[in-house]
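Residue numbers (full-length UniProt numbering): 1 to 181.
The beta-carbon is built from N, C-alpha and C at its ideal position, and this holds for glycine as well.
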Amino acid sequence: MQPHASPNYLAGYPAELTDQIKRMIGQKQLADWLLRKYPYTHSIRSDKALYDYVMTIKSSYLRNAGNINRVAFDKSLHITRNALGIHTSKSQLHGGKLKAKCEIHVATMFKDMPAEFLRMIVVHELAHMKESDHNKAFYKLCCNMEPDYHQLEFDLRAYLTWLDAGGEALWSHRQPPSQVA
């Protein structure tokens with residue numbers, strides 16, 4: 001069995017941007033740049049807190065979208081599915097009635113990331129409630145919920161490239177002073 005090739009997190013971006021990120025990684029500058037831009041992680045640590053967070057965003061932007069039955073951090077997501085978040089919907093027949101279930105799973109690695117990155121992945125998965133494909137309407141909805149969506153996605157992809165190149169996790173112990181026990 002052949003080892004999996006590393007994903008190219010920066011595929012589709014202009015060469016000058018990807019070269020700049022690769023250069024910053026090579027010169028060991030990317031970590032400092034990301035830490036200056038996003039100095040701290042968030043305080044959401046439990047599935048219940050994540051559910052409440054997701055529901056707050058949903059109620060602000062997608063009131064008429066269906067119900068969300070479960071939201072959870074998922075430790076196997078990034079490894080098994082090569083995904084950072086996943087939105088699932090399924091319908092089941094119960095006693096002649098059709099019941100729909102919707103779940104959002106977010107990779108556990110987002111527990112130790114900046115709030116901006118968590119919001120970006122949550123917005124992405126919420127947008128899938130309205131738009132199943134990554135099309136123009138999907139990204140328009142993402143940008144409506146998070147105006148900096150595209151920059152956050154790029155910065156997250158730069159961070160994932162950093163990790164893939166052997167860099168260490170950056171935010172595992174960087175909580176704001178008010179969150180430190």
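Check	Outcome
Environment of Val163 [buried if 16+ CB atoms lie within 10 Å]	Per the sequence shown, residue 163 should be read as Leu rather than Val. When all chains shown are included, Leu163 counts as exposed.
Lys58 burial status per 10 Å Cβ neighbour count (16 or more: buried)	buried
Exposed unless 16 or more other CB atoms sit within 10 angstroms - verdict on Leu156	buried
Burial state of Ala181, where buried means 16 or more other Cβ atoms lie within 10 Å	Bear in mind that a pLDDT of 45 at Ala181, under 50, signals an unreliable position, so the number given afterwards is only what the model happens to contain. Looking at its Cβ environment, which holds fewer than 16 other Cβ atoms inside 10 Å, Ala181 is exposed.
Supposed close pair Val71, Leu84 - CB separation, criterion 8 Å	14 Å between Cβ atoms; not a contact.
Three-state secondary structure (DSSP) of Asp164	helix
Limits of the unbroken beta strand (DSSP E) element including Ala127	Counting along the chain, Ala127 falls outside any beta strand (DSSP E), though it belongs to the alpha helix (DSSP H) covering 115–127.
Contact check, Trp171 vs Asp112, beta carbons under 8 Å	yes
C-beta contact flag for His105 and Asp74 at 8 Å	yes
Terminal residues of the alpha helix (DSSP H) in which Asp32 lies	30–37
Beta-bridge partners of Arg70, as assigned by DSSP	Glu103
Burial state of Leu141 (16 or more Cβ within 10 Å)	buried
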